[in-house]
Every structure is written in structure tokens, then in C-alpha cells.
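The listed protein sequences derive, respectively, from chains A and B.
Mapped onto numbering that gives the first Met the number 0, the consecutive letters of the first sequence carry residue numbers 0 to 300.
Mapped onto numbering that gives the first Met the number 0, the consecutive letters of the second sequence carry residue numbers 0 to 472.
Taking it in order: structure first as C-alpha cells, then the write-up.
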Amino acid sequence: MKKFLFQIFTYLLITFLVGLSITGAADYFLSKSYFYKPQFISNYFSSASKLDYIIAGSSRGLTTIDTKEVDSKLGVKGFNISMDDTGLPSQFLMIKHFFESGNTANYCVLTLDVSHFEESEKKLNDNDYRFITYSDRSYVHEYYRAYETGIIRPLTWSKYFPLFAYSYYNMELIWPAGMAALKPRYKNRFDEKGDYSYPDMVFSNDSPPKVQEIQKAIKNPILEEIRAYLQTKNSELILYIAPYFNKSIYVTNPSNYPLINHAGALQGANYFFDIDHVNTLGKQEATNLFMEDFQAILKSN
Amino acid sequence: MLFNSIEFFLFIIPVFFLYWFPLSKNVKLQNWLLLISSYVFYGWWDWRFLFLILFSSILDFIVGRKLEFEKNLRIRKVLLWLSIGANLGLLGFFKYFNFFIDSFAEAFTFFGYPIQIGRLNIILPVGISFYTFQTMSYTLDVYKRKLTPTKDLLSFLTFVSFFPQLVAGPIERASHLLPQFFKRREFDYTWAISGAKIFLWGLFKKVVIADNSAILVEGIFENYSQQSSLSLILGSIFFSFQIYGDFSGYSDMAIGLSRIFGFDLITNFKFPYLSKNVSVFWKRWHISLSSWFRDYLYIPLGGNRKGKNRAMINVFIVFLVSGFWHGANWTFIIWGLIHGIGYLFYFAFGTNKEEEVFSLNPKTIVQVIFTFLMVSFAFVFFRSPSVSDSLNYLNGIFFGHGEAAFFMSSSRHLVMTGITFLGIIILMSYEIAANRKGAFEVSLNKFDLVLCGISILFLGAFKNHLDFIYFQF
């Protein structure tokens, strides 16, 4: 029995040590790369980069505004920190990551999705593992600790023991780390301004062109936390509702957040890639509309 | 509770230490521990399932005891049919009730008399097909006086519910497994190490091959009408490896765990994808079920004792029933039918001799590939939700105009495809090497073990992994 347990222990130890080496290498290459947005934000900007604005949000934030166009037309400097498949809590994490990495921005334009107007589910989002190389930072660790559920919680423990997280998310971390080792400047589905555009396709829709009208109040408590955090960083929060296909949202805004509501601004399937995302044409139109309102806010301040 | 879950590892470690340390000198206490562990393991899915397994076990135990002393043939038959009726009744109700209701209604509609019959909202108890067959074989063996019934209820309950093989086999015979519960178990280092190795190999097959394939297979089969021919062909090949990695992986883990606890389970798979024809395939695939049907259906039907024609009919019946055993759907019956036809071809022409050792000559390789393609073709029926979906899928392979290729629709899927192919190459290389040595299981040296462990850690599909396919049967 002793021999059996010794053998099992020895093989587990060897596997564990080899695994740790692979994890260490993967973590190193990923942390030095541009592959995912959190790493790009840390590595791309020179220290204490000062921007005029950032755009935060989910895939709708990532794909709606052409940041390059805004910068050239309005003479400002901005960056898109949005990441797909995220909810408001992980967007807040990204905002913190941007500022805690030494950057500043005068305005944070937060692209608010309709599902997060009132509250957000307390769960990890699909792409939160992308912050793993910063799990030793307190705001990342606290986020994982608060939102990860289950028995092992690989991301929460990744601060001390990253092997489980790299194993559990192997497809999402090990392979990109290999890519990062070969091409450290490769960016995964975003450009140097942080934007991403869907392929130029028109949404095929058979349903009758009846615009759905929605009444919603903006009262998600996380928004207040974001505003308070941004104030400590001398940044102002602006809420932006990007265009939806066939959906108009009438908003009540009891907390008086500066708001740009373009939910129903684009009519017609020719502007959309799918019901939530614009295509190239939609992006141009949405950016033009956004610039008008954003410029007005800039002037008013 | 899945073997590849953290819950299972938290469960098995204390069971192992209790079993081999404080309880190692007392067989009865070891059996109590195994029984309680097995019921916890099974009840983890749904505690209500425990009543079914307890009912089936106690009924067969009592029937077995009665059969021992009963001389009256008529009463013996009544007892036998009571056991068979109860076990098949459970199986029929939980697994096939809605299928019969739907088929009945469809038949009436077909003949112009549409009727409405309500379906029942029934949850299929995990592994019911496995343990009902195991307990039935006990009663049948006792009835035929091939086996002396046990007086030890504890051992019998533990035999039926033994957690390593409870939910997906191998389907054990009482004559092989039950006596092992009576004997004192000594810890055997070599036996336990062989168990740990085969467990690791099974885990590799499950998490690296089956679980990665599963995601690709799901994507291809869900939208088969839009997929290109190549994508559909890959989908069926991946499914063949998914089901093999899944089911034989589970069997390997069951066998490995049993060895660690001092038990010996029968071999359930002997490298089936190295078979030269369908006949050989069925001597290597799900052996415990094939041999069950041989002993309790084929032979009682007359086997080959009543001439070749009758034997062929018997073979055909066995394949139909085997297909139906897998699930309440016409797709499984057609799957069984295809294999039945393939098997009969070799049966009729007398070329069903099994060659144990795989030789690397062109003729053998062509035969093996042909057999694999035929098996993959039949698996399209096994995987599809309906017969029309299966036919459309096959039609898409030969005449489809779809252009999508799910396996390369994103970088993630492309990587997954690469991992699956890599896993398949590793699997088949080890199997060919083992088969050429005349072994029934792969042998893993020190380097292989570490490689296997690292592959599981960094190539395994842990996120969104699926349950074992055969749990549903």
C-alpha cells in the first residue's frame, strides 16, 4: 500500500511540476502580449497614458462606435475597452483595470445593454478569465472571489495557484499563450483602437417591421459604484445606449446620468448584422449620431 | 456524480482510505462501506432512484432464494417471470412508455384515425438498463441451476449497486462478480497500479477525445443541413470517436477503480476500431452486452442449433433488441438493423473468425478502414434525433450543397479539431501497439503516464463537458 501511495504521489508530483512549468510559461507569454484586451491595455499604452475618453461595454460597445473616426473628426483621443460576452460587473472590472494600469480618461462612455438597466446577475461572465494574468491585483482577485461560484473556483485561486485555472480554461488560455509566444503583437478580434467590426453582412429578418417600444428605468446599483469610482479618477461617466434593431427604449433616469440614447435611432435591417449589433453601414451612422451628442457634451463641459 | 468531476475525487479519497485502512480486515464492513458509497454515488443524481434499485435488488434476491429450493417447475417459471416481468416492467415504463404511446398514436394517424394520447413526464433513472440486466442475469442463472443463490443480502445489494460499474457497466455476471464480495480482499500493488493506469487512460479518452469531439459533433449535427459534405463526414467520424472515447473511457475507469478496490471486472472493449469486419467488431465492442444477449437471448432462441437459417433469424432478432435496448427511438432500431445486416453477411459466408492481432499490411488496413466507415455510417442513426434527420444527414454527405464547416468556423473550433485529431492519433497508436502484442489493454510506461496526465490537464475539455453518453441507456 505504501508503495502504491508513493507511486501515485510521485506521478502526481511530476505531472504537477510539469504542469506548473507550462502554466508559468503560458502566463508569462500571455502577460507580455496584446492577445486579449486586458493585456493590451497594460502593455500597449506607455505609462500614464492620458486619453480624452474611453468606451466601455460588451460586444455592443465593442462594435458600434468607430473610435478612429471620432478621434479624427472631433480632435480627441480615445480608446475602446469594451469586451464581448460581458455584463456590467465585468465592464466595471475592465474600467478599473484601465485606470489601475496607470491610464486616465476624462470621460468613460459606458455602453449600457438593456438587460443591465435594472440589475445584473451575480455570476462570472464568459470572458472574465482574460484577466488571469492580473489575478494578483486586488481588484481582479476581489472580483473573482465575489462572482465565481462552484467548488474549486479556479479563477479565485489563480492568485496563489494558477495551474487549475490554466487547466480549466486551457482552450482559452494555453493556446492563445502559444500564439502570443509566436506573435506577441497579435490582437484577438480588436484593432489598435480597441474596436471590432462584424463582417459586412445585412441582417436577414422576416418579422414584420414593427418597432418594439420599451419603458425602462436606469437603476442598476453598480452604475452608482462606477460613477463614484470614476469620480475618484477625475473621470465622468456617460451612459450610451447603442442602436437596437426594431427596438426603442424610453428611459427614466432617476440618478441623472449623462445619457445618449440611440436605441431606436437606426430603422431598417440594412443597418444591422443581427438584432443587437450594427454592420458597417450601421456603424458609420451610429458613429455620426454619437459624435453629435458627444460633441455637445464636450462643449457643455 | 461523474468520474471526471471534483465531487467524485472528494468522494473517492475518503472511501479509499476507509476501505483499505480501518476496514481492511473485515469483509463485511468493507461491503457495508461499498454499499453505502454506491447508494450515495447513485443517489447523487436523484435520491428517488434508490427506491428502484433497492426494489429490483431485493426482488431478485428473494426470487433467487425461493428458486434454490423450489422443485415445482411451474412455480419456478412463475418466479422467473415475476423477476423478468418486474425488471423489464421497470425498464419498459421508465424508458419506453412514451415511445410506445407515440408510436401507437402515429400508427393510428397513418391509417386515418388520428388519436390523442397524453405522454407522461418521466425521468429516466440513470443506468437502469445496466443494473436491471445485471440482476436479471442472476435470476436466470439461478433458475437454470448454473449458480447457487446467495444468502448474503448485503453482498447481493453491493453486487447490484457496485458504484464503479453501476451506471454504465460493464454489465457483470453474478457468477463472476458476486463471489468477489464474499472473499477477503488483500491489497495487491501490481493489481492496484494496473487499475490506476487504466483509470488514467479512460480519463484521457473521456476528457481529451470524447469531450472535445462532443462540442464539434454537437455543432455539426445541430445544423447539418448547412454543413458541407466534408464537415458531415468529419461529424460522423468524430461521433464514432466521441462515443468510443466516452463509453470505453467510462468502462476503463470503472475497471481501474474496481482494481484499486481489489475487484476484477470483465473487459468491455478490445480495440473495436481495429476490427476487420462487423462480425469481429461485435466481439470487441460492448462485450458485456453482446455476451449477455448471446447467453440470455440468442441461445434460448435456439442459437445455431436449429440450422443456419434459424441462426440467422436469431442473430437478426438479437441486433434488433440490442438496438432497442439503447433507446426508445426508431433511430436505435435502424442502427441495430444495419449492424444486423452487416453481421449476417459475414455470418452467412463464414468469414467471422476473429483475428486478435492487427497486422500492418495494406489489405488489413483497407478492411479496418472499411469497417470503421460502415460503423460510422450506422452511428449517424444513433446520433440523430429522428430517422428523417439521419437520412437527410446522409443525403447531405453524398449530395449536399451546404457550405458551412463548423469544425473551422472559429479559431476555437479549429484548435478543438486539432486536439481531437491529436487525441485520436495517440489513442489509435497505443491501441495498435497493444493489439500487436496480443494485449487487451494499452500498456503505459512512466513517460506515457506523465504525458497522459499533462494531456488531460491541458487538452481536456473541462468547461461545458457533457455527461457520459451511455448514462442515458
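We treat Cβ as the ideally placed atom computed from N, Cα and C, and that holds for glycine.
Bear in mind the structure is a predicted one, so any value in this text is a computation, not a measurement.
Query: Counted within 10 angstroms of its Cβ, other Cβ atoms place B/Phe-237 as buried (16 or more) or exposed; Result: buried
Query: Segments assigned beta strand (DSSP E), at least 3 residues, entirely inside the region 178-220 of chain A; Result: 211-216
Query: Close-in-space but distant-in-sequence residues of the same chain around B/Val-314 (CB under 8 Å, 5 per side omitted); Result: Tyr-297, Gly-339, Tyr-342, Leu-343 and Phe-346
Query: Local Cβ density within 10 Å of B/Thr-138, reported as buried at 16 or more and exposed below that; Result: buried
Query: Chain-order list of residues whose beta-carbon lies under 6 Å from that of A/Tyr-142 (same chain, five-residue window excluded); Result: Leu-92
Query: Residues near B/Phe-240 by beta carbon distance below 6 Å, same chain, minus five either side; Result: Ile-208, Ser-212 and Ile-423
Query: Contact set between A/Asn-169 and chain B, taken where Cβ atoms lie within less than 8 Å; Result: Leu-456, Phe-457, Leu-458, Gly-459 and Phe-461
Query: Residue-level contact to chain B via CB, A/Thr-301, 9 Å cutoff; Result: Only positions 0 to 300 of chain A appear in the structure, and residue 301 of chain A is not among them; the question remains open.
Query: Under 9 Å from the C-beta of B/Phe-186: neighbouring residues of chain A; Result: Met-0 and Phe-3
Query: Buried versus exposed, by CB contacts within 10 Å (16 or more), B/Tyr-249; Result: buried
Query: Inter-residue spacing [alpha-carbon to alpha-carbon] between A/Gly-56 and A/Leu-109; Result: 6 Å
Query: Within-9 Å CB hit, B/Val-414 to chain A; Result: yes
Query: A/Glu-291 and A/Leu-265 closer than 9 Å at C-beta; Result: no
Query: Sequence-distant residues of the same chain with beta carbon closer than 8 Å to B/Lys-27, five excluded per side; Result: Leu-153
Query: One or two residues paired with A/Ala-55 in a DSSP bridge; Result: A/Leu-109
Query: Alpha helix (DSSP H) runs wholly inside the region 105-178 of chain B, at least 4 long, in chain order; Result: 127-142, 152-160 and 173-176
Query: Neighbouring residues, chain A, relative to B/Ile-5 (Cβ below 9 Å); Result: Gly-149, Ile-150 and Ile-151
Query: Residues near B/Gly-126 by beta carbon distance below 7 Å, same chain, minus five either side; Result: Leu-165, Val-166, Ala-167 and Phe-470
Query: Unbroken beta strand (DSSP E) run spanning A/Asn-79, endpoints; Result: 77-79
Query: The region 388-403 of chain B / the region 212-230 of chain B touching (three or more Cβ pairs under 8 Å); Result: yes
Query: Residue span of the alpha helix (DSSP H) that contains B/Val-379, given as start and end; Result: 361-382
Query: Supposed contact pair B/Trp-43 and B/Cys-451 - C-beta distance, whole angstroms, cut 8 Å; Result: The pair is not a contact, with the Cβ atoms about 27 Å apart (cut-off 8 Å).
Query: Length of the line joining the Cα atoms of A/Gly-263 and A/Phe-271; Result: 12 Å
Query: For B/Glu-6, three-class secondary structure by DSSP; Result: helix
Query: Spatially closest choice to A/Leu-111 from A/Asn-219, A/Pro-183 and A/Phe-78, by CA coordinates; Result: A/Asn-219
Query: B/Arg-75 versus B/Thr-131 - alpha carbon distance; Result: 20 Å
Query: Proximity test, Cβ basis, 9 Å: A/Ile-131 and chain B; Result: no
Query: Beta-carbon proximity list for A/Leu-288, same chain, < 7 Å, skipping 5 on both sides; Result: His-261 and Ala-264
Query: Three-state secondary structure assigned by DSSP to B/Gln-226; Result: strand
Query: First and last residue of the uninterrupted beta strand (DSSP E) at A/Tyr-239; Result: 235-240
Query: Per-residue contacts from B/Gly-452 into chain A (C-beta, under 9 Å); Result: Tyr-10, Leu-11, Ile-13, Thr-14, Phe-15, Val-17 and Gly-18
Query: Members of the region 28-46 of chain A that neighbour chain B once the beta carbon cut-off is set at 9 Å; Result: none
Query: Minimum Cβ-Cβ distance from A/Trp-156 to chain B less than 9 Å; Result: no
Query: B/Thr-416 versus B/Phe-48 - alpha carbon distance; Result: 38 Å
Query: Selection from A/Gly-267, A/Ser-114, A/Tyr-185 and A/Thr-63 that minimises the alpha carbon distance to A/Val-210; Result: A/Gly-267
Query: CB contact check: B/Ile-192 to chain A, cutoff 9 Å; Result: yes
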